[in-house]
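Trainee:
In structure tokens form, the structure reads like this:
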């Protein structure tokens, strides 16, 4: 009897224990288990979002905007608190020319991370596309402040200042960054551009020279340096640069040298007093392009200074044929006639030159001197006075006018 009752109690206890276990199983996971599962799901979503982000970026870089947008949407769906994801979406929308959508995505990016420089930069791009330069500048400047190592942010801010005609502000901004980007060609080139905008060729060529030394193959820097050297009256440097560029084109590209290089070479030679060499350069220029009016004018002047009357006359005839309204053709022809002793003919040619360019001190002085030689002193004095008025600093005009001025101050 005792044994039977003990067995019954044991069975009852086991049944109760089993029921309790079943009841616990039906209640689901513990709090700790739920948290662990949530963290696991979060890790999975984060990993999956990174994969989608990488796929989107690769598609974007290859130009596949459709798949780029699809993948970044998946990434954002799994993890929408990452600024880089929204920024990439903004760039995709920007490339797709959906500017409003781009703005919304980029603003979301900088809201999530107020220190996200890239987001502010591309917001600036959107504003610039809308021609909202003030807002573009604000965003570009913010981007450059947050990440001072990105030259693209600095250049974007400076170029926007230039577009707004804030030249001095742009220069000061770039100079404040020069110590960090001293060895960057683009920044020095832009500083050169700012100087060139204000006709400060003496400063411009120095910046361009630094830029060309840093990156000799950068497009246009060599041309800008050449132009600014001529404007700064650095004749020998300009001559060297024109020849350097010509050699580079011949050696690297086996191409035809642009006419501009020949023109700068010839003009630099002329300014250095090497007229015979200049004449040869200009002759080559017009041989390649007989329609180059400026080339013919320069050829005529170089030939005249080299004592080549025949080439001067030929050049003058070509100038008159190409542009009958330009004074240089008649003027060159008048010089030849005057040298030959054909004073009346010279006066006639110079009158035509003055008719084309009434304010040209060069044409007026030539006519005034020819008139004086022809005996027309009164008219000569009037013409030379007009030359002085046209250009008081023109040395030939002052010399010719002083030679005939009977005033006491000029009789010593």
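Numbering (my numbering), first residue to last: 123 to 534.
Yeah, the Cβ is synthetic: ideal placement off N, Cα and C, and Gly gets one too.
In angstroms with no decimal places, state the Cα-to-Cα distance between residue 292 and residue 222.
Mentor: Your numbering for residue 292 matches position 170 in the chain shown. Your numbering for residue 222 matches position 100 in the chain shown. So the alpha carbons of these two residues sit roughly 29 Å apart.
Trainee: Residue 238 by DSSP, collapsed to three states: which one?
Mentor: For the purposes of this step, residue 238 is taken as the residue at position 116 of the chain shown. If DSSP states are grouped into helix, strand and coil, residue 238 belongs with coil.
Trainee: When the Cα of residue 299 is compared with those of 270, 334 and 240, which residue comes out closest?
Mentor: Here residue 299 corresponds to residue number 177 of the chain shown, with the count starting at 1. Selected option, being the one with the closest Cα: 270.
Trainee: Return the residue from the list 382, 268, 252 and 315 that minimises the CA-CA distance to residue 280.
Mentor: Numbered from 1 along the chain shown, position 158 holds the residue referred to as residue 280. That would be 315, whose Cα lies nearest to the Cα of residue 280.
Trainee: For residue 145, count neighbouring C-beta atoms within 10 Å of its own C-beta (all shown protein chains included) and say buried if the count is 16 or more, exposed if not.
Mentor: Position 23 of the chain shown holds residue 145. For residue 145, the pLDDT reaches just 47, beneath the cut-off of 50, and the residue's location in the model is therefore unreliable, although a value from the coordinates is still provided. Per the 10 Å Cβ criterion, exposed.
Trainee: Report back the beta-carbon spacing between residue 359 and residue 367 to the nearest angstrom; my notes put them in contact at under 8 Å.
Mentor: Sequence index remark: in the chain shown, residue 359 carries index 237 (1-based). Sequence index remark: in the chain shown, residue 367 carries index 245 (1-based). At roughly 12 Å, the Cβ-Cβ gap does not stay under 8 Å, so residue 359 and residue 367 are not in contact.
Trainee: Using a 10 Å radius around the Cβ and a threshold of 16 neighbouring Cβ atoms, would you call residue 302 buried or exposed?
Mentor: Within the chain shown, the letter at position 180 stands for residue 302. Burial call: exposed.
Trainee: Could you name the residues of the same chain whose beta carbon sits closer than 7 Å to that of residue 460, not counting the 5 residues immediately before and after it, in chain order?
Mentor: The count along the chain shown starts at 1 and reaches residue 460 at position 338. For residue 460, where only same-chain residues beyond five positions count, the Cβ hits under 7 Å are 468 and 492.
Trainee: What do you reckon, are the CB atoms on residue 268 and residue 307 nearer than 9 Å?
Mentor: Your numbering for residue 268 matches position 146 in the chain shown. Your numbering for residue 307 matches position 185 in the chain shown. No; because the gap between Cβ atoms is not below 9 Å, this pair is not in contact.
Trainee: Could you tell me how far apart the beta carbons of residue 282 and residue 255 are, in whole angstroms, since I believe they sit closer than 8 Å?
Mentor: Counting from 1 along the chain shown, the entry for residue 282 is found at position 160. Counting from 1 along the chain shown, the entry for residue 255 is found at position 133. Confirmed, Cβ separation roughly 6 Å.
Trainee: Using alpha carbons as the reference points, say which of 476, 295 and 496 lies closest to residue 446.
Mentor: Position 324 of the chain shown, counted from the first residue, corresponds to residue 446. Ranking 476, 295 and 496 by Cα distance to residue 446 puts 476 first.
Trainee: Helix, strand or coil for residue 410, going by three-state DSSP, please let me know.
Mentor: As a working mapping, residue 410 is identified with position 288 in the chain shown. In the structure shown, residue 410 sits in a helix (DSSP, three-state: H, G or I).
Trainee: In whole angstroms, what separates the C-alpha of residue 442 from that of residue 333?
Mentor: In the chain shown, counting from the first residue as 1, residue 442 sits at position 320. In the chain shown, counting from the first residue as 1, residue 333 sits at position 211. Taking the straight line from one Cα to the other gives about 42 Å.
Trainee: Of all the alpha helix (DSSP H) runs that stay within the bounds of the segment 262–336, which reach a length of 4 or more residues?
Mentor: Counting whole runs of 4 or more residues, the segment 262–336 contains the alpha helix (DSSP H) stretches 273–285, 289–299, 307–319 and 323–336.
Trainee: To the nearest angstrom, report how far apart residue 433 and residue 246 are at their CA atoms.
Mentor: Along the chain shown, one-based indexing puts residue 433 at 311. Along the chain shown, one-based indexing puts residue 246 at 124. For residue 433 and residue 246, the distance between alpha carbons rounds to 58 Å.
Trainee: Look at the Cβ atom of residue 400, then the Cβ atom of residue 436, and state whether they are nearer than 9 Å.
Mentor: To locate residue 400, count along the chain shown from 1; it is residue 278. To locate residue 436, count along the chain shown from 1; it is residue 314. No; because the gap between Cβ atoms is not below 9 Å, this pair is not in contact.
Trainee: Work out the CA separation of residue 471 and residue 551 for me, nearest whole Å.
Mentor: The structure shown does not extend to residue 551, since the chain is modelled only from 123 to 534, so the question has no answer here.
Trainee: Go through its chain and collect everything with a Cβ distance to residue 386's Cβ below 7 Å, but skip five positions before and after it.
Mentor: Here the question's residue 386 lines up with position 264 in the chain shown. Only 348, 352, 360 and 364 meet the Cβ criterion.
Trainee: Entirely within the segment 357–391 and at least 4 residues each: give me those alpha helix (DSSP H) ranges in chain order.
Mentor: As far as the segment 357–391 is concerned, its whole alpha helix (DSSP H) runs of at least 4 residues are 357–370.
Trainee: Would you check if the segment 415–429 and the segment 390–407 touch, i.e. whether three or more CB-CB distances between them fall below 8 Å?
Mentor: Segments in contact, yes.
Trainee: Please state the DSSP three-state secondary structure of residue 342.
Mentor: For the purposes of this step, residue 342 is taken as the residue at position 220 of the chain shown. Three-state result, residue 342: coil.
Trainee: Report the rounded CA-to-CA distance for residue 258 versus residue 490, giving the unit in angstroms.
Mentor: One-based indexing of the chain shown puts residue 258 at position 136. One-based indexing of the chain shown puts residue 490 at position 368. Going by the C-alpha atoms only, they are around 59 Å apart.
Trainee: Can you say whether residue 388 is buried or exposed, counting buried as having 16 or more other CB atoms within 10 angstroms of its CB?
Mentor: Along the chain shown, read from residue 1 onward, the residue named residue 388 stands at position 266. By the neighbour-count rule (16 or more Cβ atoms within 10 Å), residue 388 is buried.
Trainee: If we ignore side chains and look at the alpha-carbon of each, how far apart do residue 413 and residue 440 end up?
Mentor: Your numbering for residue 413 matches position 291 in the chain shown. Your numbering for residue 440 matches position 318 in the chain shown. Their Cα atoms are separated by approximately 9 Å.
Trainee: Along the chain, where does the alpha helix (DSSP H) that runs through residue 420 open and close?
Mentor: Residue 420 sits at position 298 when you count from the first residue of the chain shown. Per DSSP, residue 420 belongs to the alpha helix (DSSP H) from 415–427.
Trainee: Please state whether the Cβ-Cβ distance between residue 209 and residue 178 is less than 9 Å.
Mentor: Here residue 209 refers to the residue found at position 87 when the chain shown is read from its first residue. Here residue 178 refers to the residue found at position 56 when the chain shown is read from its first residue. It is not a contact, given that the beta carbons lie outside the stated cut-off.
Trainee: Going by beta-carbon coordinates alone, are residue 214 and residue 190 separated by less than 9 Å?
Mentor: Here residue 214 refers to the residue found at position 92 when the chain shown is read from its first residue. Here residue 190 refers to the residue found at position 68 when the chain shown is read from its first residue. The answer is yes: Cβ separation under 9 Å.
Trainee: For residue 439, which three-state DSSP category applies?
Mentor: On the chain shown, residue 439 is found 317 positions in, with the first residue counted as 1. Of the three classes helix, strand and coil, the one that applies to residue 439 here is helix, per DSSP.
Trainee: If you follow the alpha helix (DSSP H) that residue 206 is in, where does it begin and where does it stop?
Mentor: In the chain shown, the residue the question calls residue 206 occupies position 84. Segment 205–217, the alpha helix (DSSP H) holding residue 206.
Trainee: Along the chain, where does the alpha helix (DSSP H) that runs through residue 495 open and close?
Mentor: Translated into the one-based positions of the chain shown, residue 495 becomes position 373. Segment 483–495, the alpha helix (DSSP H) holding residue 495.
Trainee: Would you kindly work out how many angstroms separate the C-alpha atoms of residue 380 and residue 237, rounded to a whole number?
Mentor: Along the chain shown, one-based indexing puts residue 380 at 258. Along the chain shown, one-based indexing puts residue 237 at 115. Approximately 48 Å between the Cα atoms of the pair.
Trainee: Could you check how far apart the C-beta atoms of residue 242 and residue 264 are, in whole angstroms? I think they sit under 8 Å.
Mentor: Translated into the one-based positions of the chain shown, residue 242 becomes position 120. Translated into the one-based positions of the chain shown, residue 264 becomes position 142. Rounded, the Cβ-Cβ distance is 4 Å, consistent with contact.
Trainee: Give me, in chain order, the residues of the same chain whose beta-carbon lies closer than 7 Å to that of residue 312; leave out the 5 immediate sequence neighbours on both sides.
Mentor: Counted from its first residue, the chain shown places residue 312 at position 190. These residues qualify, in order along the chain: 277, 280 and 296.
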